[in-house]
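In full-length UniProt numbering, the protein residues as written are 1 to 240. Below is one structure; the comments refer to it alone.
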Ligand SMILES: C[S@@+](CC[C@H](N)C(=O)[O-])C[C@H]1O[C@@H](n2cnc3c(N)ncnc32)[C@H](O)[C@@H]1O
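Given below as structure tokens:
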């Protein structure tokens, strides 16, 4: 299986699914199933921790993922749809969305309208291949997504070594301190993914006083979720 997501962005995606415990996860661009496998492991681990764990809906023009994702991991938690995602029915109300399909402005204009506009409050989104450089080019997927976020006043986070070397280096430094720095995917470390959360359900409310950049972001949708739980937010990216 040829890996595509770099380690830190894959780990943030995994941890986000573990933290938010979405019932529905949507992935556009499964390729040979690298990102798919990370998401399925998070859903499996959510189920291990109690509850049903949720379902991942993946889309790709090819059916390669169906041949590479281990059957035991897919279980009954994976729905794979081959073909153009723009012409397929999409699941309602995903709590986490990973976008890594066509990296064109046209495709991004489609998914901002068809997917991002319809997300429930507090949903988390990861968009790959935005920050290969300090800024994305003026045309293309990254520019469309950043414009969409800017118009709505939604902040974002990236661990891109090019766009936010401080966050990137701090996360790698923490992994080294934890002796977890051995790479899963050794070939790349640029982590060009962008992460954000849709406003609402307290995610854009005032910071919790006395807790620095911690911000309340309850996930009321989840049965058994602790509404007082807080998630850490980098100060520079206020709504993540
Ligand atoms: C960069 S790869 C995805 C890599 C994958 N996320 C991983 O971690 O290995 C992009 C994938 O998007 C798929 N793709 C491109 N346009 C698409 C569309 N309109 N609908 C569904 N899949 C699409 C391509 O077939 C390709 O496999």
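Quick reminder that beta carbons are idealized off the backbone N, C-alpha and C, glycines included. Predicted model, so just to flag it, every value in this text is computed and none were measured.
Query: Short Cβ contact (9 Å threshold) for residue 108 with residue 141; Result: yes
Query: Residue(s) in a DSSP beta bridge with residue 78; Result: 56
Query: Residue 283, DSSP secondary structure in three states; Result: With the chain covering only 1 through 240, there is no way to say anything about residue 283.
Query: Unbroken alpha helix (DSSP H) run spanning residue 174, endpoints; Result: 165 to 177
Query: Reduced DSSP category for residue 130 - H, G, I as helix; E, B as strand; rest coil; Result: coil
Query: Residue 144 versus 112, 174 and 200, residue with shortest Cα-Cα distance; Result: 112
Query: Outcome for residue 95 when other beta-carbon atoms lying within 10 angstroms are tallied against a minimum of 16; Result: buried
Query: Close-in-space but distant-in-sequence residues of the same chain around residue 73 (CB under 6 Å, 5 per side omitted); Result: 40
Query: For residue 228, three-class secondary structure by DSSP; Result: Low confidence applies to residue 228: its pLDDT is 36, below 50, so where it sits in the model is not reliable enough to give any reading.
Query: Residue 158, DSSP secondary structure in three states; Result: strand
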